[in-house]
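Student: Take this structure first; my questions come after.
Residue numbers (the UniProt record's numbering), protein chains in the order written: chain C, 1 to 564; chain V, 1 to 827.
Given below as structure tokens:
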């Protein structure tokens with residue numbers, strides 16, 4: 001973070017017109033640091049490339065931000081500028097000069113240092129490519145002493161406007177945050193929380209962010225960073241995981257303290273002390289496995305921190321097993337359990353015991369966390385025909401069209417079909433020249449016409465769905481008395497029902513299938529579909545669906561080897 | 001008059017004028033044989049009241065299911081910004097504030113009632129629809145104006161004030177609200193979440209996240225997917241990047257739906273006896289229920305589908321059976337419309353047919369001669385109807401009771417850890433937390449009949465005595481007897497203890513007895529509940545005794561003899577209970593069809609009109625093109641009114657002659673259904689040239705290869721038209737010779753011939769065409785030229801029709817060829 005401090009001092013002392021900070025890991029963190037470091041030294045406006053999606057928004061944000069003007073509803077959301085300042089670059093520059101002049105107060109007639117921090121400048125480039133170049137030259141154009149600081153995950157080379165219209169920036173590269181930086185950041189967070197909490201409440205009962213616990217927190221942070229650093233080095237992500245785990249981690253200590261206070265009753269003077277090293281080690285041993293679980297679930301945001309913390313509160317018995325419940329009263333309750341644990345301890349060596357404990361803990365966590373319990377597999381939630389359609393769509397997406405006849409053709413000429421297939425395989429075995437073909441599973445699902453889907457569906461239903469092909473129930477006899485003598489005719493009748501098309505439309509609205517052609521085109525090419533991303537294009541999901549339906553999916557995928 | 005020769009015009013609009021159109025008859029298609037004079041009206045009223053009742057019941061049940069979920073969503077929204085301490089500690093140290101987001105899976109596909117009742121309980125909601133999200137500006141604008149409108153304000157932007165899509169407007173508006181009237185939180189409801197453009201929505205969420213918590217936004221996502229929004233493969237996680245997901249604190253709620261819910265609703269509506277005093281008018285028979293089950297398993301397990309099917313079943317029931325008019329005539333039927341009573345209606349002169357049918361049904365169903373005198377007088381007839389009615393009610397109840405008894409026995413046994421009546425009665429021993437896994441296992445292992453087990457058992461019971469169906473229920477009842485015999489003393493006691501309260505409860509609710517009414521000839525052979533309960537209670541006290549005796553056996557060994565006696569007694573008791581249950585179930589499951597007039601309120605095994613709900617489009621289109629006259633044919637009842645006059649002699653001895661007159665067509669319709677007509681004139685079907693143009697083209701289409709040369713096609717079409725023309729000329733000449741007497745009657749053949757209609761609309765005047773058509777083909781070159789043009793136009797029109805139906809496709813390579821898209825199954 002030294003480089004950022006340098007930037008701040010530079011802007012304060014001798015502002016370069018344009019600074020470009022490249023932080024590929026955590027630009028958000030960098031900006032927060034920058035803003036907090038330059039507090040009361042520089043008048044700084046934070047502009048977000050996503051939020052300011054039109055020039056007008058950009059100009060308004062800058063002018064209102066610099067003048068620290070908050071548009072109020074009673075004044076009709078008036079902007080700072082009395083003139084129209086947001087319709088072009090020229091009027092903006094004029095207003096900017098006027099604004100700067102109004103800021104220059106006092107005898108020295110010298111305004112404050114002004115800096116514009118632009119987050120996500122790459123979004124500005126996407127939306128308003130013309131505006132980036134003038135902004136790099138803003139100091140020059142407005143003839144003011146201000147600097148523009150851009151902070152981006154991307155490099156300047158990728159954003160730079162063409163033809164050298166922009167001036168070259170003062171480059172700053174932020175290195176990957178080291179463990180020390182992250183720990184320092186987390187400790188600062190702790191201090192902030194402890195300060196906030198003390199301000200907010202007057203109660204004397206200790207809370208997780210009690211300043212007494214700082215040393216314990218440091219220890220905790222070391223472990224968290226150790227576990228997570230391999231996977232992410234964004235300080236915010238590690239902060240997220242730490243925030244989710246810390247209250248649960250320290251809770252046994254707090255509980256023990258409050259119990260002590262209760263036991264002492266009259267004597268209110270029991271000092272809240274930081275836990276002993278031994279206790280700390282026990283806590284660590286108890287909670288360390290849940291940290292990697294937290295990483296697995298929280299980093300991809302499969303759940304959120306608050307819910308995760310609630311779902312992963314340790315229950316009394318597992319805490320007692322690790323000797324983490326200190327009060328005697330609770331010990332009585334869990335004594336029985338303790339006994340069983342002790343028995344286990346005597347009867348088995350310690351190593352398997354701990355692994356078993358972890359397993360138990362994991363099972364408990366799996367069952368308690370809501371997201372896993374709620375996950376309904378597709379095979380339960382979808383009606384039968386929709387499952388068939390998904391399998392057919394997968395086959396159509398993954399197989400080249402010319403293989404359909406070979407895989408599904410069931411003529412009288414079975415022999416001929418086989419021979420062709422083997423011939424083809426032999427031809428495949430020969431080394432080929434030309435560029436290597438990418439297996440379908442790497443290139444993702446390919447689009448297919450609706451008719452092909454219906455045809456494959458028909459083949460699947462004919463061979464694997466006895467209900468449709470046999471017509472067990474009397475309901476299957478159509479009202480107009482058609483009887484089906486040609487094999488496959490009934491299936492053909494079944495798969496062109498309105499219900500099938502409705503199911504396909506339904507799956508499309510669920511995004512399990514994706515329509516690749518526009519819906520307003522009636523003639524010309526037929527409707528093209530493809531498997532939606534995620535579950536419907538994953539081999540495992542479809543395989544389990546197919547197993548439920550009795551479809552031999554591996555036999556129906558042309559390039560089975562590539563499927564793995 | 002349109003001048004078709006105007007070279008300045010590129011297109012003409014020729015409005016369709018129907019020729020020879022008869023004035024539309026007053027629509028009385030609902031009129032049936034044996035109907036009452038005001039039968040259709042009566043049946044319509046009966047349908048309405050019956051259906052409204054059924055709809056109400058189903059909707060109430062569904063809404064009851066939704067209620068806890070609605071409460072959960074509302075609670076989550078309201079507590080989004082005031083959490084308890086635990087969360088507070090967690091969220092205190094988070095790197096940034098997360099937008100509270102509640103993702104409701106399944107809500108779009110569920111009843112709209114769900115979302116509306118959530119909305120009803122909240123205020124300050126902005127709705128965002130996918131159509132509003134074409135770009136970021138419009139999306140932001142509609143969000144802001146949506147929130148502003150909740151307080152009745154609006155915002156008009158100008159150059160000196162903030163833009164209308166600037167979120168700072170919302171911030172300013174919110175902070176200007178008075179503290180007491182200020183909404184607790186602002187709810188942004190995203191409808192049909194799957195349809196949103198993810199790119200736009202990402203930015204919207206990002207912008208919103210910059211302003212929480214000072215702007216207390218809560219995002220409510222309405223997903224249609226049934227999956228949990230928090231699984232790694234869910235739509236949210238697959239579509240949106242982590243950078244967006246981490247802005248939100250997503251909590252998921254799943255609206256109940258799918259097969260389980262549906263089954264519960266059906267069982268509660270039609271089977272459970274809890275609502276026995278407020279019966280539905282119509283009892284769906286096994287055919288309807290079976291279709292329902294099949295449709296729900298295969299196509300759509302939604303409540304909408306259920307309601308559609310039930311409504312269709314109601315409609316069909318009241319449309320096809322004249323006796324259903326009784327439903328609104330018999331006063332104590334709970335249909336609500338009792339304006340008309342039965343007697344005066346039957347006295348009306350027009351209702352003799354109906355009366356006869358009624359008498360006939362009452363006597364024949366009863367199947368004995370004694371009652372024939374009871375139906376002679378009107379009062380007796382009315383009484384007989386009433387009796388039949390109440391018998392019907394009790395019969396339907398008793399079947400339901402039988403089902404509940406069996407289910408109760410099964411549940412009891414499986415709770416004790418036995419297999420019960422078998423897997424097809426469902427396994428209830430699955431622990432709650434395992435349920436999803438068990439469901440998965442069940443559905444993957446036996447996916448053929450995975451769902452609707454309970455309903456299927458009920459259907460089996462309804463069909464117990466039908467010959468065609470499997471004897472599963474009979475087996476179940478016998479097996480129940482076997483199981484009851486094998487009960488151990490403590491189990492016997494426990495079973496009686498669970499059974500008796502249930503029956504007592506039922507008895508209290510009913511207030512009347514459930515007679516079995518099984519014996520022929522006797523009006524009521526009561527096996528009433530009170531008696532059953534009395535008997536069971538006796539047994540229970542015996543069982544108690546036996547149980548105590550057994551206990552002493554276990555504790556001590558004194559008094560062997562008494563134990564021996566107890567064992568005997570217990571055996572007897574078991575045997576009694578088993579036999580009683582067997583007989584009772586047997587009596588309860590007497591088929592509903594044995595009651596006279598059962599079909600007034602019971603749909604029985606009448607086939608459900610599945611083709612109406614779920615037709616096979618392609619098959620219908622192809623059938624229509626192959627046999628157009630089956631579809632255009634008028635109903636046979638009207639043929640009888642057409643005088644045979646001009647047509648009779650035209651039924652030609654040889655087949656090449658125009659023979660599509662009515663009588664022959666009737667034969668045709670009977671013989672040809674089900675056959676594929678791939679060729680004309682070879683078999684005994686109509687010759688090709690009598691078909692409409694599109695159909696003619698389609699027949700040729702079926703004979704061709706993969707690609708069709710359009711010119712060849714046209715040539716073959718031309719030939720057919722040539723035959724057609726000669727036929728018309730020949731006919732006209734015959735007509736001329738026969739004189740005007742024949743022409744006085746409007747020929748029905750002319751009315752319904754598609755080809756003539758086609759011709760009519762091709763040319764702008766009927767007379768004009770006729771004039772040319774009647775001229776001999778070689779009268780003048782001008783007429784021949786016109787004919788050529790006519791044929792060409794008709795060909796192009798038919799071709800376009802086929803193209804519109806999706807039968808042909810063009811290729812770029814061969815402009816004079818078209819691709820065939822449909823191939824016969826037989827090919």
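Glycine included, every Cβ here is placed at the ideal spot set by N, Cα and C.
Note that this is a predicted model, so its numbers are computed, not measured.
#1: Could you tell me how far apart the beta carbons of residue 292 of chain C and residue 227 of chain C are, in whole angstroms, since I believe they sit closer than 8 Å?
#2: Using the beta-carbon of each residue, which ones in chain V are nearer than 9 Å to residue 193 of chain C?
#3: Using the Cα positions of residue 463 of chain V and residue 301 of chain V, report the straight-line distance between them to the nearest angstrom.
#4: If I follow the unbroken alpha helix (DSSP H) through residue 257 of chain C, where does it start and stop?
#5: How about the segment 500-517 of chain C and the segment 215-225 of chain V: do they share at least three Cβ pairs that are nearer than 8 Å?
#6: What do you reckon, are the CB atoms on residue 159 of chain V and residue 71 of chain C nearer than 8 Å?
#7: Residues of chain V with a CB under 8 Å from the CB of residue 239 of chain C: which are they?
#8: Near residue 272 of chain C, what residues of its chain come up, given a Cβ to Cβ distance below 6 Å and the 5 sequence neighbours on each side ignored?
#9: Report all residues from its chain with a CB closer than 6 Å to the CB of residue 215 of chain V; omit the five preceding and five following residues, and keep chain order.
#10: Can you have a look at residue 69 of chain V and say buried or exposed, based on whether 16 or more other CB atoms are within 10 angstroms of its CB?
#11: Ordered along the chain, which non-local residues of its own chain (more than five positions away) have a Cβ less than 6 Å from that of residue 185 of chain C?
#12: Nearest to residue 615 of chain V by alpha carbon, out of C:219, C:498 and C:454?
#13: Taking the straight line between their C-alpha atoms, what separation do you get for residue 441 of chain C and residue 394 of chain C?
#14: I'd like to confirm the pairing. Which residues does DSSP put opposite residue 449 of chain C in its beta bridges?
#15: Can you check whether the C-beta of residue 44 of chain V is within less than 8 Å of a C-beta belonging to chain C?
#16: Can you pull the chain C neighbours of residue 232 of chain V, defined as C-beta to C-beta under 8 Å?
#17: Does the segment 180-189 of chain V come within contact of the segment 154-169 of chain V, defined as at least 3 CB pairs closer than 8 Å?
#18: Mind pulling the chain V residues with CB within less than 8 Å of residue 493 of chain C?
#19: Helix, strand or coil for residue 48 of chain C? Go by DSSP, reduced to three states.
#20: In the DSSP output, which residue or residues are listed as bridge partners for residue 208 of chain C?
#21: Three-state secondary structure (DSSP) at residue 689 of chain V?
#22: Please name the residue in C:151, C:409, C:161 and C:495 whose C-alpha comes closest to that of residue 137 of chain C.
#23: Taking all protein chains shown into account, do 16 or more other C-beta atoms lie within 10 angstroms of the C-beta of residue 123 of chain V, making it buried, or fewer, making it exposed?
#24: Could you give the C-beta distance for residue 608 of chain V and residue 495 of chain V, rounded to a whole number, given that I count them as a contact under 8 Å?
#25: Roughly how many angstroms separate the alpha carbons of residue 460 of chain V and residue 386 of chain C, rounded to a whole number?
#26: Can you tell me whether DSSP reads residue 121 of chain V as helix, strand or coil?
#27: Take the Cβ of residue 249 of chain V as the centre, count every other Cβ of all protein chains shown within 10 Å, and call the residue buried at 16 or more, exposed below.
#28: Quick one: what's got a C-beta closer than 8 Å to residue 408 of chain V's C-beta in the same chain, skipping five residues either side?
#29: Over what stretch of residues does the alpha helix (DSSP H) that includes residue 492 of chain C continue unbroken?
#30: For residue 311 of chain C versus residue 94 of chain V, is the C-beta spacing smaller than 8 Å?
#31: With 8 Å as the threshold, decide whether the Cβ of residue 79 of chain V is near any Cβ in chain C.
#32: Hey, could you find the ends of the beta strand (DSSP E) residue 105 of chain V is sitting in?
#33: Ordered along the chain, which non-local residues of its own chain (more than five positions away) have a Cβ less than 7 Å from that of residue 141 of chain C?
#34: Listed in chain order, which residues of the segment 171-196 of chain V have Cβ atoms closer than 9 Å to some Cβ of chain C?
#35: For residue 235 of chain V, which of helix, strand or coil comes out of DSSP?
#36: Count Cβ pairs between the segment 35-52 of chain C and the segment 160-177 of chain C that sit closer than 8 Å; are there 3 or more?
Tutor: For this structure:
#1: Here residue 292 of chain C refers to the residue found at position 292 of the first chain. Here residue 227 of chain C refers to the residue found at position 227 of the first chain. Yes, residue 292 of chain C and residue 227 of chain C are in contact; Cβ-Cβ is about 6 Å, under 8 Å.
#2: Sequence index remark: in the first chain, residue 193 of chain C carries index 193 (1-based). Those are 89, 92 and 93, listed as they occur along chain V.
#3: The sequence position of residue 463 of chain V within the second chain is 463, counting from 1. The sequence position of residue 301 of chain V within the second chain is 301, counting from 1. Distance between the alpha carbons of residue 463 of chain V and residue 301 of chain V is about 24 Å.
#4: Counting from one through the first chain, the residue named residue 257 of chain C turns up at place 257. Start and end: 235-264.
#5: yes
#6: The count along the second chain starts at 1 and reaches residue 159 of chain V at position 159. The count along the first chain starts at 1 and reaches residue 71 of chain C at position 71. No.
#7: By one-based count along the first chain, residue 239 of chain C stands at place 239. The answer, in chain order, is 93, 94 and 95.
#8: In the first chain, residue 272 of chain C corresponds to position 272, counting from 1. Answer for residue 272 of chain C: 206, 212 and 257, listed in chain order.
#9: Taking the second chain and counting its residues from 1, one reaches residue 215 of chain V at position 215. Only 171 and 174 meet the Cβ criterion.
#10: Reading the second chain from its first residue, position 69 is the one you call residue 69 of chain V. By the 10 Å Cβ count, residue 69 of chain V comes out buried.
#11: The count along the first chain starts at 1 and reaches residue 185 of chain C at position 185. Within the same chain, residue 185 of chain C has close Cβ partners 235.
#12: The sequence position of residue 615 of chain V within the second chain is 615, counting from 1. Considering only alpha carbons, the answer is C:498.
#13: The residue given as residue 441 of chain C occupies position 441 in the first chain. The residue given as residue 394 of chain C occupies position 394 in the first chain. Roughly 11 Å separates the two Cα atoms.
#14: Position 449 of the first chain holds residue 449 of chain C. Beta-bridge pairing links residue 449 of chain C to C:528.
#15: Within the second chain, numbered from 1, the residue matching residue 44 of chain V stands at position 44. No, because no Cβ of chain C sits closer than 8 Å to the Cβ of residue 44 of chain V.
#16: Walking along the second chain from the start, residue 232 of chain V turns up at place 232. Those within 8 Å of residue 232 of chain V in chain C are 300 and 302.
#17: no
#18: Counting from 1 along the first chain, the entry for residue 493 of chain C is found at position 493. Those are 616 and 619, listed as they occur along chain V.
#19: Looking up residue 48 of chain C in the first chain gives position 48. DSSP places residue 48 of chain C in strand when its eight states are reduced to three.
#20: For the purposes of this step, residue 208 of chain C is identified with residue 208 of the first chain, where counting begins at 1. Per DSSP, none; premise fails for residue 208 of chain C.
#21: Sequence index remark: in the second chain, residue 689 of chain V carries index 689 (1-based). Three-state result, residue 689 of chain V: helix.
#22: Taking the first chain and counting its residues from 1, one reaches residue 137 of chain C at position 137. Answer by Cα proximity: C:161.
#23: Numbered from 1 along the second chain, position 123 holds the residue referred to as residue 123 of chain V. Residue 123 of chain V is exposed by the Cβ-count criterion.
#24: Reading the second chain from its first residue, position 608 is the one you call residue 608 of chain V. Reading the second chain from its first residue, position 495 is the one you call residue 495 of chain V. Between residue 495 of chain V and residue 608 of chain V the Cβ distance is about 38 Å, and since that is not below 8 Å, they are no contact.
#25: Stepping through the second chain from its first residue, residue 460 of chain V is reached at position 460. Stepping through the first chain from its first residue, residue 386 of chain C is reached at position 386. Roughly 27 Å separates the two Cα atoms.
#26: Taking the second chain and counting its residues from 1, the one referred to as residue 121 of chain V is at position 121. Coil.
#27: Counted from its first residue, the second chain places residue 249 of chain V at position 249. Classification of residue 249 of chain V: buried, given that the 10 Å Cβ count is 16 or more.
#28: In the second chain, counting from the first residue as 1, residue 408 of chain V sits at position 408. If we look at residue 408 of chain V and ignore the five residues flanking it on each side, its Cβ neighbours are 498, 499 and 502.
#29: For the purposes of this step, residue 492 of chain C is taken as residue 492 along the first chain, with counting starting at 1. Its alpha helix (DSSP H) spans residues 489-495.
#30: Mapped onto the first chain, residue 311 of chain C falls at position 311. Mapped onto the second chain, residue 94 of chain V falls at position 94. It is not a contact, given that the beta carbons lie outside the stated cut-off.
#31: Counted from its first residue, the second chain places residue 79 of chain V at position 79. Not an interface residue.
#32: Mapped onto the second chain, residue 105 of chain V falls at position 105. Residues 99-105.
#33: Taking the first chain and counting its residues from 1, the one referred to as residue 141 of chain C is at position 141. Within the same chain, residue 141 of chain C has close Cβ partners 93 and 134.
#34: 171, 172, 173, 174, 175, 176, 177, 192, 194 and 195
#35: Taking the second chain and counting its residues from 1, one reaches residue 235 of chain V at position 235. Helix at residue 235 of chain V.
#36: no
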